[in-house]
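**Student:**
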Amino acid sequence: MKAAVLYGKEELNIVSDFDDPIMGSSDVLIQSKYVGLCSTDRSLYRGFVPFKPPLIIGHEIAGVVEDLGASATGLDVGDHVIIPPVYPGCENETCSSCKEGLTNRCKKSVFIGHGVHGGDAELIAVPSKYTFKIDESVPLDEACIIPDAVSTPFHALKSRSVPPHIIQHTSNPNRLFDRKSHWLQGKNVVVFGVGGVGGPTVNLAAKYFKAKNVVAVDIFNEKLEFAKNLGATHTVNSKTYFEENNIVINELSGRDKAKAISGLARHISSHLAEDKFQVDCVLDCSGVPDTFPTAVETASKNRTVIQVGWPPKPVREFLNQKIMDKYLTINGTWACPMNEMKEIVEAVEANTVDLNLLVTNKDYTLDRLENAIHDLEGGKILGRATISIV
Ligand SMILES: [Zn+2]
Ligand SMILES: [Zn+2]
567 MKAAVLYGKE ELNIVSDFDD PIMGSSDVLI QSKYVGLCST DRSLYRGFVP
617 FKPPLIIGHE IAGVVEDLGA SATGLDVGDH VIIPPVYPGC ENETCSSCKE
667 GLTNRCKKSV FIGHGVHGGD AELIAVPSKY TFKIDESVPL DEACIIPDAV
717 STPFHALKSR SVPPHIIQHT SNPNRLFDRK SHWLQGKNVV VFGVGGVGGP
767 TVNLAAKYFK AKNVVAVDIF NEKLEFAKNL GATHTVNSKT YFEENNIVIN
817 ELSGRDKAKA ISGLARHISS HLAEDKFQVD CVLDCSGVPD TFPTAVETAS
867 KNRTVIQVGW PPKPVREFLN QKIMDKYLTI NGTWACPMNE MKEIVEAVEA
917 NTVDLNLLVT NKDYTLDRLE NAIHDLEGGK ILGRATISIV
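Counting the sequence shown from 1 gives a position; our numbering is that position plus 566.
Structural data, given as C-alpha cells:
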C-alpha cells in the first residue's frame, strides 16, 4: 500500500509498496481517507520525540470500513469511522488505570502513528471496539480532526474543569459533568494559545459547554480573529500588551517578572469586570512553558488550571506559593477516555462543533505531507490542516 513512512529523523518517504496491515479477528480494516496534521507529527519528524523506524505517522484518522475480522462487532463494510489516537492495549480493560475509568491512560496504551503504524497510509487495522462510527453527513475531511484536536479539549473541559470542593459539596455530582447541567455553564473561561487544539477548546467552551465568557489569549492577531469566529467573547494579544506597557518580559526576572505577569493576568480578567473579574477555568493550550505562571495568576481563587498543550521545556521561574494561596486545582489532561468518544460524535452530528471553521487547510495530499509539516512549523496553518490520503 501507499504510505508516508518515517525512516529516521527528517527522513519522510512516500512509498507505494509498504506491507498492508494484518487484521486480527476482532479488528476492522479501514481505508484511511483523511488525516489531521498534528504538531506531534512534526515532533516525530524532527526527532524531538523518540520512535522506532520505520514508522507510518498520522493519528487523527477518518476513513471507511473495508473489511471486518471474524469476531469484529458493531460495524459494517462501508461505514464511515473515526479512530481515537490513544486506545487501551490491555486485556479487556482490566489494568489498574482502565479499571478506574481512565481508558485514555491504560498501562498498555496504544499510540497510533507513534507506538504503532498510523493513518498516513491507504489502510490501517484497529480493534472494532475502538473504532467509532460517524454519520455520513459529517465530511470525512473534517471528521478526521475529532479523534485528537476535538476530543482532547472535550475531555479537558468536561472532566477536568470542576474543582474538587464543588464535587464534594454537591448532592448529585454527576450533574456537574452532564452537558445539560455542566458546571461550566454560565462560567468564565480563559484559553491560552489558539492553535490546532486551542481553537476547538474555545469553540467547545463557548458552544457546547455554554460558558458565559471565553477569553482567548495569543500573540497573533489573526489567531485572535479566528478565536472570535469560534465563539470567544473577548481576545487579548499578550505580546501587544507587553509592548504597549514597555515590558520586555524575556529580560525580566524575580519580582519584576512576577509583577509583569500579574499585570497581564489583571489585564486579561479586566474583560470580566461585569462578573467581578471571576475566572473559573484556565486552559493552557499554548505549548509554551512560560505561559503556566500567567495561567496560574489569571485563575480566580478555588478554581482550576488545566495543562492541555504539551510544554517541551520546564518553566524557567515560578513561585508555587500562588497555587497554595489561591487554593487552585492544577489538572493535567491526556487524550480522551473511550466512553466520552460517543458523546463527542453525537455533539458533532448535532452540529454543536464548528468543524468547518476549525479545519482551515484542506488542500494537502499524502505526497505533500512534508510540505504540510513545514507549513505547520512556519505558522502558515491557522487552525487544523487535513491530509487527503487518496
Ligand atoms: Zn495529535
Ligand atoms: Zn488498560
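Backbone N, C-alpha and C define an ideal beta-carbon position, used for all residues, glycine too.
A quick note: this is a predicted structure, and the numbers were derived from the prediction, not measured.
1) Can you give the Cα-Cα distance for LEU723 and ASP583, rounded to whole angstroms?
2) Which residue spans inside the segment 694 to 759 form an unbroken beta strand (DSSP E) run of at least 3?
3) Beta-carbon within less than 8 Å of THR555's beta-carbon, same chain only, minus the 5 sequence neighbours each way: which residues are those?
4) Is it the case that the CB of ASP856 approaches a heavy atom of ligand 1 more closely than 6 Å?
5) Measure the alpha-carbon distance for SER747 versus LEU706 and round it to whole angstroms.
6) Taking 6 Å as the cut-off, is the beta-carbon of ASP686 closer than that to any non-hydrogen atom of ligand 1?
7) Is the CB of GLY761 under 7 Å away from at least one CB in chain D?
8) Take SER836 as the anchor and find which of PHE775, ALA865 and VAL854 has the nearest alpha-carbon.
9) Hey, how far is the Cα of LEU572 from the Cα of PRO903?
10) Under 6 Å from any heavy atom of ligand 1, does the C-beta of ASP707 make it?
11) Return yes when the Cβ of ASP593 is within less than 7 Å of the Cβ of MET567, no when it is not.
12) Could you tell me whether the Cβ atoms of ALA861 and PHE698 are closer together than 7 Å?
13) How many angstroms separate the CA atom of LEU770 from the CA atom of PRO619?
14) Leaving aside the five residues before and after VAL984 along the sequence, list all residues of the same chain whose C-beta is less than 7 Å from its C-beta, in chain order.
15) I'd like to confirm the pairing. Which residues does DSSP put opposite TYR930 in its beta bridges?
16) Mind checking who SER598 pairs with in its DSSP beta bridge?
**Tutor:** Reading off the structure:
1) So the alpha carbons of these two residues sit roughly 42 Å apart.
2) Within the segment 694 to 759, the runs of beta strand (DSSP E) at least 3 residues long that lie entirely inside it are, in chain order, 754 to 758.
3) As shown, the chain starts at 567 and ends at 956. That puts residue 555 outside it, with no answer to give.
4) ASP856 Cβ: outside cutoff for every heavy atom of ligand 1.
5) SER747 and LEU706: Cα-Cα distance of roughly 31 Å.
6) No - ligand 1 has no heavy atom lying nearer than 6 Å to the Cβ of ASP686.
7) Judged by its chain identifiers, the structure shown contains no chain D, having just a single protein chain.
8) Of the listed residues, the one whose Cα sits closest to SER836 is ALA865.
9) Their Cα atoms are separated by approximately 28 Å.
10) If you check the C-beta of ASP707 against ligand 1, you find no heavy atom less than 6 Å away.
11) Cβ distance not < 7 Å, so MET567 and ASP593 don't count as in contact.
12) Judged by their CB atoms, ALA861 and PHE698 are not nearer to each other than the 7 Å cut-off.
13) Going by the C-alpha atoms only, they are around 36 Å apart.
14) Nothing can be reported for residue 984: it is not among the residues displayed for the chain, which extend from 567 to 956.
15) Bridge pairing for TYR930: ILE953 [DSSP].
16) BP columns for SER598 point to GLY629.
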